[in-house]
Amino acid sequence: MIPRSATFRANSRAALDNPELVRALGTMKTGFRQKRAAAVDALPEFDALRDRAVAMKNHTLDHLDHYLESFADKVEAAGGTVHWATDAEAARQQVLEICRAHGAHTVTKGKSMIAEEVGLNEALEDAGMRPVETDLGEYIIQLRREPPSHIIAPAIHVSKAQVADAFRAAHGDLDPARELDTPRALLDEARAVLRHDFTAADVGITGANLLIAETGATVIVTNEGNGDLTQLLPRVHIVLASLEKVVPTLDDASLILRLLARSATGQTASSYTSFSLGPRRPEDADGPQAFHVILLDNGRSEMLGNGFREMLRCIRCAACMNHCPVYGAVGGHAYGWVYPGPMGSVLTPALIGIDKAAPLPEASTLCGRCEAVCPMRIPLPGLLRQWRARAHDQRLSPPAMRRGLAAWGWLAARPRLYHPLNRLAAVALGRLGRRRGGFARLPLAGGWTKSRDLPAPEGDTFQARYRRGARRP
Amino acid sequence: MVVPEGQTCCGQPADNSGDVATARAVARGLIRAFEDCDYVVAPSGSCASTLRHRYPVLLADDPALAEPARALAGKTHELTCFLADVLDHVPAGMAWPGVAVYHDSCAGLRELGIKAQPRRLLAAVEGLTVLDAAEPEECCGFGGTFAVKYPEVSTRMVEAKASDLEATGADLVLGGDLGCLLNIAGRLRRRGGRPMEVRHVAEVLAGARHVPPIGAPGEGAGR
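So the protein sequences, as listed, match chains A and B.
The first sequence begins at 1 in UniProt numbering and counts up by one.
The second sequence begins at 1 in UniProt numbering and counts up by one.
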């Protein structure tokens, strides 16, 4: 997927003008927020769990090589194969190789952000295979040929009517006069269509929410059960996961699971929490004949040492974007790549380069709500600040802004100049603006005055009035 | 009480824009200007938070200023915190009849824990009822340079805030951060809904009724 993060401002304008998106985001925001708040309120030890999870994950990241090797050994001991992918291209080639070796035609997929990150569907299609997304939201956006706009609700931007349109276009063999007005009807149709693909699939690909070092198990959480059908029915199961998903023990996994569903959807646990370990054993009733895990780095090991390590604690719950006022205004596509919202604005520059994503760290008021709700206590505003500093150092911010700041900074470090000039501005603007109270237009302030008045100063600076002895207001 | 003339701005615009060198240069002057004070009080959550939380980080590696930056951070207070928590002040004999809605600024709320302090102070003002909006923790969309870097997004955010505040039925918006108040007042006036006055909480605590509200026509108090 070609990143469009550099044009965030234009992307965001288009999003703000899209009435269907605005409607969808309105309901999304209140729904997710209320459910999370209720779930957190009902669990008095939530904050204590957060502290434990942070400590556990920090420890894991300090010893990442050890836990990854331990995980890989356990997978191999169970009869599975582990592949190490340094970048997206390596991961795509490993998937294609496995699929070709098994003569795959139909490939079912559980929801995986890593598959989005490496652009897997395009690669499978280009190789003549048929990838089928089986998560309802992912299925919808696959039909619409667009990227997800949210990491746990990929089709949050799509209205019911738009889903019906996509289904009518894709399911041409069904009665054109059928009723598709209710969520139930849409769901039933998707299930009926996908049922064929589940049984026809040669390879099933899932992501992983967790990798457990002590057992070698991979864990996915889903609400639709599609993940189980994807990983149990085909001959081959491929797990595509990024390095930082590993946790030391089963207990550590359950710690994360307690935080994850509550932070994401407000559930105490998702409907399905499925563990996979190796291929089917003789005594197993079902399961794949071959089991592969592809471990993707794609810039993450570099994040261990470049100041952004804390971002690797992320468990992809989406609480940050659900509570972000900027995401709530523009939705996920405006961010221009795979990961939107505050976590995306920190992660995207780390994965594709700050030069291709410089507007993202700026797309925040640093209001801090993301950090307040993050179950892993990732200091997202602080990390956004770090990216801003790097963008500034690399001269990626607009030249006019840089020059303006430098000039203002020069002045602000010189009180004897700063105060008289400040006063001149306060007096002049006060005189000009007092009749109306504010300015509807002002040179160089168009960004502000296009949509709001600029309130006029009262007529003098506090400093000057204080010096005159005006102690009373 | 002193108002040192060596002070200018806290440097937030540069700091929030990633211009760390400029932010440091401005911070150095401020640290020196307040060296002799026991308390530093700022009528703004985001400025106070910059001194409290950002200065020690910005100057952590400066051998001469790391310690003074930490000292300044420890003695800096936002105005309503200082009045309520440090002085345990109860406004006496103040009256301001009306219904107000309090806007919690993000920096004050989440970086300094300011929520109860202004409400406690305002509760002692006779005749004043203080309401909360439906989404009191939502950002108003100001964000310093954000408001001009992404004016369309900022406008959508402040429009939502204006509607939320208006829906409370209050006739007065109070807050502790000028940035938010400029943004909110500017949008309220532009959208032309139900007229609401916008004021800094200090104006009510000081009984400054004759001072025109932010963005409203008036003679101005400075002359």
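Each residue gets a CB set at the ideal place from its N, CA and C atoms; glycine is no exception.
All figures in this text were calculated on a predicted structure; none of them were measured in a lab.
Residues of the stretch 449 to 465 of chain A with a C-beta less than 7 Å from any C-beta of chain B: K450, S451, R452, D453, L454, P455, E458, G459, D460, Q463 and R465, listed in chain order.
Between T50 of chain B and E78 of chain B, the alpha-carbon positions lie close to 11 Å from each other. Beyond the five residues adjoining it in sequence on each side, T273 of chain A comes within less than 6 Å, by CB distance, of V221 in the same chain, given in chain order.
Put simply, of B:T155, B:S46 and B:E197 the residue whose alpha carbon is nearest the alpha carbon of K450 of chain A is B:T155.
Along the stretch 87 to 98 of chain B, there is no position whose C-beta sits under 8 Å from a C-beta of chain A.
In the structure shown, the three-state DSSP call for W84 of chain A is strand.
Within chain B, no residue has its beta carbon less than 8 Å from that of V132 of chain A; the closest one is some 36 Å off. Nearest to A42 of chain A by alpha-carbon distance, out of A:R403, A:F439 and A:T268, is A:T268. Looking at the backbone, the Cα of N121 of chain A and that of D251 of chain A are separated by about 34 Å.
At a cut-off of 7 Å between C-beta atoms, S17 of chain B counts as an interface residue with respect to chain A. For R199 of chain B, the uninterrupted beta strand (DSSP E) run begins and ends at E197 to H200, by DSSP.
Just so you know, the alpha carbons of H83 of chain A and M56 of chain A end up roughly 25 Å apart. A straight-line Cα-Cα distance of about 14 Å links V99 of chain B and G175 of chain B. Boundaries of the alpha helix (DSSP H) harbouring S254 of chain A: L250 to A264, taken from the DSSP string. At a cut-off of 7 Å, the C-beta of S12 of chain A has a neighbouring C-beta in chain B. Not a single C-beta of chain B is nearer than 7 Å to the C-beta of L250 of chain A. Bridge pairing for R130 of chain A: A:T106 [DSSP]. Each of A:C374, A:D202 and A:R416 was checked against the Cα of C99 of chain A, and the nearest Cα belongs to A:D202. Pairing V330 of chain A with S12 of chain A gives a Cβ-Cβ distance under 7 Å.
Within a 10 Å sphere around the beta-carbon of Y39 of chain B sit fewer than 16 other beta-carbons, which makes this residue exposed. Under the three-state reduction of DSSP output, A124 of chain B falls in the coil class, being neither helix nor strand. In the same chain as L429 of chain A, and ignoring 5 residues on each side of it, the C-beta atoms closer than 6 Å to its own belong to A456 and P457, in chain order. Beta-bridge partners of S242 of chain A (DSSP): A:L296. Within chain A, the C-beta atoms nearer than 7 Å to that of M157 of chain B come from P325 and A329, in chain order. Beta-bridge partners of A100 of chain B (DSSP): B:V130 and B:L172. When Cβ-Cβ separations below 7 Å define contact, L396 of chain A makes no contact with chain B. When CB distances to chain B are screened at a threshold of 9 Å, the residues of the stretch 408 to 425 of chain A falling below it are W408, G409, W410, L411, A412, A413, R414, P415, R416, Y418, H419 and N422, in chain order. Taking CB atoms only, A391 of chain A has a neighbour in chain B less than 7 Å away. With a 10 Å radius around the Cβ and a threshold of 16 neighbouring Cβ atoms, M1 of chain B comes out exposed. The stretch 87 to 102 of chain B makes no contact with the stretch 47 to 63 of chain B: fewer than 3 CB pairs, one atom from each, lie closer than 8 Å. According to the DSSP secondary-structure assignment, A95 of chain B is paired through a beta bridge with B:E126.
By the Cβ-count criterion, K149 of chain B is buried, with 16 or more other Cβ atoms from all chains shown falling within 10 Å of its own Cβ. Per the coordinates, the alpha-carbon of R436 of chain A lies some 5 Å from the alpha-carbon of P217 of chain B. The DSSP-derived three-state label of E138 of chain A is helix. When the Cα atoms are used, I141 of chain A and E214 of chain A turn out to be separated by approximately 36 Å. About 7 Å separates the CB atoms of I294 of chain A and V95 of chain A; that is less than 8 Å, so the two are in contact.
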